[in-house]
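Notes to accompany the following structure.
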Amino acid sequence: MLNVLSYTCIGLGIIFWFWGTSHLLGNRSILFKLHSLSVSDTLGSMSIIIGLLIKIPSEWPLLILAIISLAIWNTVLGYVLAYCSSSGDNYERE
Amino acid sequence: MNENDLSVYVITALLPLTAFMLIFQVNPYHALVMRGILGAIAALVYAVLGAADVALTEALVGTMLAITLYAVAVRSSLVMRLGILKDLSTQGERQFEQLLDDLRIILGKRHMRLEVFPYTDMQSLDQALIEKEVHAVCSQRSQPQSDFEQDYAACENDKLCFHTAVRVQRLYEIMQAELTSPGNILTYVKPSGSKEEHS
Amino acid sequence: MNLVIMAMILALLIPIYEAWKNDEVWQRMLAFASIATKTAIMALVISVLRDDWMIGIVAVIILSVGNAALMLLAHVIKRINDVSN
Chain A
15 MLNVLSYTCI GLGIIFWFWG TSHLLGNRSI LFKLHSLSVS DTLGSMSIII
65 GLLIKIPSEW PLLILAIISL AIWNTVLGYV LAYCSSSGDN YERE
Chain B
-11 MNENDLSVYV ITALLPLTAF MLIFQVNPYH ALVMRGILGA IAALVYAVLG
39 AADVALTEAL VGTMLAITLY AVAVRSSLVM RLGILKDLST QGERQFEQLL
89 DDLRIILGKR HMRLEVFPYT DMQSLDQALI EKEVHAVCSQ RSQPQSDFEQ
139 DYAACENDKL CFHTAVRVQR LYEIMQAELT SPGNILTYVK PSGSKEEHS
Chain C
7 MNLVIMAMIL ALLIPIYEAW KNDEVWQRML AFASIATKTA IMALVISVLR
57 DDWMIGIVAV IILSVGNAAL MLLAHVIKRI NDVSN
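The listed protein sequences correspond, in order, to chains A, B and C. Following our numbering, the numbering of the first sequence begins with 15 at its first residue and continues without gaps. Following our numbering, the numbering of the second sequence begins with -11 at its first residue and continues without gaps. Following our numbering, the numbering of the third sequence begins with 7 at its first residue and continues without gaps.
Put into structure tokens, the structure is as follows:
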């Protein structure tokens, strides 16, 4: 039962990864790509880590730390990238 | 370890792939981003092969420190510093902007930037060129020097005549070949420190 | 579990291809961000598979430090674009 649950979480995370990165190939604007990429990467990675946590609970401090750093850093990184790239765009447009 | 063999081989194959992508980059800034990708892949390969300390060093030094230092170095070295006079832009503003735009396009082909430094009077402008604060000076000369009298005669009719002096020989060659703005006279100023003749 | 690793490698190949094909620097930065996160998670998965604490700790450090490197690089590139235009 637990095995099935962990594989479901990992599979869900990988599906999230594919869904987010497939948007990268299109010709959409950079903010759209950033949004889909950061959301799917963060959620997918967290889902994979939760799957691993269910599968092997003995390494819980490491995995909890990974989840926390992923949640904080990827959010901040999304803001920083959006700020840097959009201000560059404004400069080009003027 | 045995059942993971195939995936280890595939992960290792990513390293030469990204390395080839890195060495075929032309733009230095794009190459820096590719170096970051190569560093991430390399850290993964080292970790998978069991060298955790090498992976940590690659991530900390190879990716973070080296890229930041190289970005700063590339940014400050791929630049042409152009000295101008402060009141020059009031007179021939449109034509001067045109000249700067042409120069930016020419330098942009070589991934260089143009920085403009305004100086207050002609004397400090010449002094800046001699003391190597700037790579080139651009000014609107009032009285023609004897060497370029026929050039000044050629552009005397439209009254807007810029004189650009360059002290870097390679920049002079590039600008002479490609900068075709009307009313601009280009000269090469030999650096005062070097005594030997450049042919 | 080998299948999971292979699927992750496939997902990793998409941003690599994107970084190779695309010419704009910010698209490449996005691909770099994606690759940095994905490689760290892959190292973490492999460490859990092998029950190896050492690789796991390194993976977590890479996960947090790689993003910091990305922010530094993003700010430097932004400054370049600001001055050159």
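Glycine included, C-beta positions come from ideal geometry on N, C-alpha and C. As the structure is a computational prediction, the values presented were derived from the model and not from experiment.
> Around the C-beta of Glu161 (chain B), are 16 or more other C-beta atoms found within 10 angstroms, so that it is buried, or is it exposed?
Replying inline: So Glu161 (chain B) counts as exposed.
>> When you compare the CB of Arg107 (chain A) with every CB in chain C, is at least one pair closer than 7 Å?
In response: Note that Arg107 (chain A) scores a pLDDT of 44, beneath 50, so its modelled location is shaky and nothing firm can be said.
> Roughly how many angstroms lie between the CA atoms of Arg63 (chain B) and Leu53 (chain B), to the nearest whole one?
Replying inline: A direct Cα-to-Cα measurement between Arg63 (chain B) and Leu53 (chain B) gives close to 15 Å.
>> Can you look up Glu30 (chain C) in the DSSP assignment and give me helix, strand or coil?
In response: coil
> How would you call Asn31 (chain A), buried or exposed, if buried means at least 16 neighbouring beta carbons within 10 angstroms?
Replying inline: A small fix is needed here, since residue 31 (chain A) is Trp in this sequence, not Asn. Classification for Trp31 (chain A): buried.
>> Cutting at 7 Å between CB atoms, please list the residues of its own chain near Leu67 (chain A), excluding the five before and the five after it.
In response: Its chain contains Trp74, Leu77 as the residues whose beta carbon lies nearer than 7 Å to that of Leu67 (chain A), once the 5 sequence neighbours on both sides are disregarded; these appear in chain order.
> From what residue to what residue does the beta strand (DSSP E) around Asn172 (chain B) run?
Replying inline: 172 to 176
> Using the C-alpha atoms, what's the distance from Arg98 (chain B) back to Ser134 (chain B)?
Replying inline: Its pLDDT being 45, under 50, Ser134 (chain B) is placed unreliably in this model, and the value from its coordinates should be taken loosely. Approximately 34 Å between the Cα atoms of the pair.
> For Val14 (chain B), which option in B:Leu167, B:Arg92, B:Gly96 has the closest C-alpha, if you only look at C-alpha atoms?
Replying inline: Closest by alpha carbon: B:Gly96.
>> Residues of the stretch 33 to 47 of chain A in Cβ contact with chain C at a cutoff of 9 Å, in chain order, please.
In response: Gly34, Thr35, Ser36, Leu38, Leu39, Ile44, Lys47
>> Taking the straight line between their C-alpha atoms, what separation do you get for Leu51 (chain A) and Leu38 (chain A)?
In response: Looking at the backbone, the Cα of Leu51 (chain A) and that of Leu38 (chain A) are separated by about 7 Å.
> Residues in its own chain within less than 8 Å of Gln131 (chain B) by CB, not counting five upstream and five downstream?
Replying inline: Low per-residue confidence applies at Gln131 (chain B): pLDDT is 46, beneath 50, and the placement is therefore not dependable enough to give any value.
>> I'd like to know whether the C-beta of Thr43 (chain C) is nearer than 7 Å to at least one C-beta of chain B.
In response: Chain B contact via Cβ: absent.
>> Does the CB of Met77 (chain C) have a neighbour CB from chain B at under 7 Å?
In response: no
> Closer than 7 Å, CB to CB, is Ser20 (chain A) near chain C or not?
Replying inline: Closer than 7 Å: no.
> Gly71 (chain B) versus chain C: which residues are under 7 Å apart at the beta carbon?
Replying inline: Simply none; closest approach about 17 Å.
> Near Leu69 (chain C), what residues of its chain come up, given a Cβ to Cβ distance below 6 Å and the 5 sequence neighbours on each side ignored?
Replying inline: Sequence-distant Cβ neighbours of Leu69 (chain C) in its own chain, meaning closer than 6 Å and more than five residues away, are Ala46.
> When you compare only the Cα positions, how much space is there between Leu48 (chain B) and Val71 (chain C)?
Replying inline: 7 Å
>> Please state whether the Cβ-Cβ distance between Trp59 (chain C) and Ser99 (chain A) is less than 7 Å.
In response: no
> Closer than 7 Å, CB to CB, is Arg11 (chain C) near chain B or not?
Replying inline: It should be noted that the sequence gives Ile, not Arg, for residue 11 (chain C). At least one chain B Cβ lies under 7 Å of Ile11 (chain C).
>> Quick check: what's the CA-CA separation for Val66 (chain C) versus Lys47 (chain A)?
In response: In this structure, the alpha-carbon of Val66 (chain C) lies about 25 Å from that of Lys47 (chain A).
> Can you give the beta carbon distance from Val122 (chain B) to Arg69 (chain B), rounded, assuming they're within the 8 Å contact cut?
Replying inline: In this structure Val122 (chain B) is in contact with Arg69 (chain B), their Cβ atoms being roughly 4 Å apart against a cut-off of 8 Å.
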